[in-house]
Each structure stands twice: as C-alpha cells, then as structure tokens.
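Beneath this line is the structure, given in structure tokens, with notes to follow.
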Amino acid sequence: MARGPGWLAAAALLLLLAPGSESGCAELGRCCRGRDLACVSSGWRPDRSHGACYCDQACPRTMDCCHDYPQACPEVSCAVSEWSDWSGCAEPCRATYRVRRRHVVQEPRNGGKACPPLEEKAGCVEYWNQEGAECKQSLKPQSLLFDRHKWPQWSSVTYHACYFSLSITEGCLQGSGSYTQWMRYLSKGHTACVECQPPALDSRSLHCYGDGSGSDKNQLLHWQAMGNPWCKGTWRRVRQLDTCSCPSVHSFLFI
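Residue numbering for the sequence shown follows full-length UniProt numbering, beginning at 1 and increasing consecutively.
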C-alpha cells in the first residue's frame, strides 16, 4: 500500500516530538555567562518553535532559551558572609578611618544578583599613640563631628552640650556608605546639638576642643564630619547647657 505525503508529515512530527530531539540545557551540561553563541543545544524555545536553542545568560532577553533553561540554569544570587569586627584606626593621633570586611560565600550565576560591597570604612580618631601617650593636641585645629548613636556606649554619659547654627558644604549630601547617612540630616541654618564627652573632653578645662568656649558668641568656628572629608563647614555657637544631654534624634558628639 502506497504512503502519501500525509504519512511523511506525520512521521516527521513524531520524530520532532521524540524525547531524544529535545536535548536542551540539561543534556548540553552547560550554563554560560553573557551571550555565548557556542552555548547552543536543540529543542523547544519560548516562542514555541523548535530548533537551535541557547543556555547562556542572555537567552531570556533574546527569547531563544531551551525549554529547560529555568530548571537546568537557575538564577543564583551572590551570598556574602557577615561583617568582620571593625579594625582599629588606620593611624593614631589624627582623624582617619577604620575598616570592616566580608567575603563572598557564593558567586552569582545565571543572572543572579551581583555581590554587594565587601569593604566599608568609617571615620575614627585614637587619642593615644602606640606608646600610650595622649596625643589629641596633634589633631587638626577644628572640631570633629560624629553621630551620637554610632557610639552607643557613650549615649548615657552626661557632660555638657552646645547648640550651633550650621553652614555646610555639598559634600555632606554625597556620602554613599551606610555610615554616612546621618550626614544627610545636616542642613544650612539648622541648629545642631553636640555633646562634649570623653575622650574629647579635656580633663583640665572640662571643655571639648572646638566647642567655642571662651570665644565671642559670633565667632565663626570650623567643623568636619567623621567618615567623609568633604562634609565640613562652619558654625556659630548659639548657647551652652551644662550637665545635660542632647535629644535622642539627630544629635552629635565632639570627637
């Protein structure tokens, strides 16, 4: 009995649907980065066509992935460890920085989220040199400002507080690290409350260097924020209150 054209079409369809014709990414055994034309197999594609299909990172965008790409090449985002402890200050006797780091536990694959920053820096000052001698007199001739809540161990200590009317630079709005977010609360004309506590408190005068003690009320004083050398400005002391502390929100410390 002769077989007509219809039989040939049916046979071709059966061959097309045969399991061996849908090799896909699993049989290829590869999941490739970026766009890789050599990362090719054969099988069904998302547009319901059959033929060459790909197992590279770009195929979801170009709509030519193999049918089993999501299962064979799942997205894996970067995973990192917890932060290390903060290091000591990079140098004694000056305004500098400290560092903490974390490492990659799982590299990203198949379009997963990239790794976040692995290093963070924050401003700090050490008032004693390696021999244990006090060295704060060698610090820059300006007051250094830090968010009070970054050092919670001092938040319950009460000495005295000064209120200043601020002038700032644009650099206060440009910090990108999490430790610089507090600087965004500084604004021109804003009145800031700054506490004077150890170790910035001088044991003899009971004042902090740069707090304007003994100066004319309208004298222009200079300050710099810790952790961002571009965040600095001038201020005038409005008033000083003894044996008190600043409000719990947006208050600062002399460093």
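A virtual CB, placed ideally from N, CA and C, is assigned to each residue, including glycine.
Distance, residue j Cα to residue i Cα
{"i": "residue 222", "j": "residue 211", "result": "10 Å"}
{"i": "residue 34", "j": "residue 40", "result": "13 Å"}
{"i": "residue 120", "j": "residue 58", "result": "32 Å"}
{"i": "residue 196", "j": "residue 111", "result": "50 Å"}
{"i": "residue 226", "j": "residue 106", "result": "33 Å"}
{"i": "residue 80", "j": "residue 55", "result": "26 Å"}
{"i": "residue 205", "j": "residue 241", "result": "16 Å"}
{"i": "residue 236", "j": "residue 190", "result": "11 Å"}
{"i": "residue 109", "j": "residue 63", "result": "19 Å"}
{"i": "residue 193", "j": "residue 231", "result": "17 Å"}
{"i": "residue 92", "j": "residue 25", "result": "57 Å"}
{"i": "residue 49", "j": "residue 228", "result": "56 Å"}
{"i": "residue 38", "j": "residue 23", "result": "15 Å"}
{"i": "residue 61", "j": "residue 31", "result": "15 Å"}
{"i": "residue 233", "j": "residue 170", "result": "10 Å"}
{"i": "residue 102", "j": "residue 118", "result": "5 Å"}
{"i": "residue 44", "j": "residue 29", "result": "17 Å"}
The beta strand (DSSP E) enclosing residue i, as first and last residue numbers
{"i": "residue 195", "result": "191-196"}
{"i": "residue 52", "result": "50-54"}
{"i": "residue 225", "result": "221-225"}
{"i": "residue 212", "result": "Residue 212 -> no beta strand (DSSP E), and no H or E assigned at all."}
{"i": "residue 106", "result": "104-106"}
{"i": "residue 42", "result": "40-44"}
Neighbour-count burial assignment, residue i, 16 or more Cβ in a 10 Å radius
{"i": "residue 207", "result": "buried"}
{"i": "residue 201", "result": "buried"}
{"i": "residue 68", "result": "buried"}
{"i": "residue 219", "result": "exposed"}
{"i": "residue 83", "result": "exposed"}
{"i": "residue 72", "result": "buried"}
{"i": "residue 51", "result": "exposed"}
Own chain, CB closer than 6 Å to residue i, minus 5 neighbours either side, in chain order
{"i": "residue 70", "result": "none"}
{"i": "residue 115", "result": "78 and 104"}
{"i": "residue 98", "result": "86, 87, 89, 122 and 124"}
{"i": "residue 100", "result": "83, 84, 86 and 120"}
{"i": "residue 294", "result": "In the structure as shown, the chain begins at 1 and stops at 255. Residue 294 is therefore absent and cannot be evaluated."}
{"i": "residue 213", "result": "207"}
{"i": "residue 172", "result": "183, 186 and 231"}
{"i": "residue 96", "result": "89 and 90"}
N-terminal and C-terminal residue of the alpha helix (DSSP H) that residue i is part of
{"i": "residue 71", "result": "69-72"}
{"i": "residue 24", "result": "24-28"}
{"i": "residue 229", "result": "No alpha helix (DSSP H) holds residue 229; DSSP gives it neither H nor E."}
Nonlocal neighbours in the same chain, by C-beta distance under 8 Å from residue i, ignoring five residues either side
{"i": "residue 18", "result": "Residue confidence for residue 18 is low, a pLDDT of 42 falling below 50, so the modelled location carries little weight; the figure read from the coordinates is stated next. Taken in chain order, the list of residues that qualify is empty."}
7 Å CB neighbourhood of residue i in its chain, flanking five on each side removed
{"i": "residue 46", "result": "63 and 65"}
{"i": "residue 27", "result": "41"}
{"i": "residue 113", "result": "77 and 78"}
{"i": "residue 36", "result": "56"}
Beta bridge counterpart(s) of residue i as assigned by DSSP
{"i": "residue 65", "result": "54"}
{"i": "residue 121", "result": "99"}
{"i": "residue 35", "result": "Paired residues: none, contrary to the question."}
Test: residue i CB closer than 9 Å to a CB of chain B
{"i": "residue 88", "result": "Within the model displayed, chain B is absent; a lone protein chain is all it includes."}
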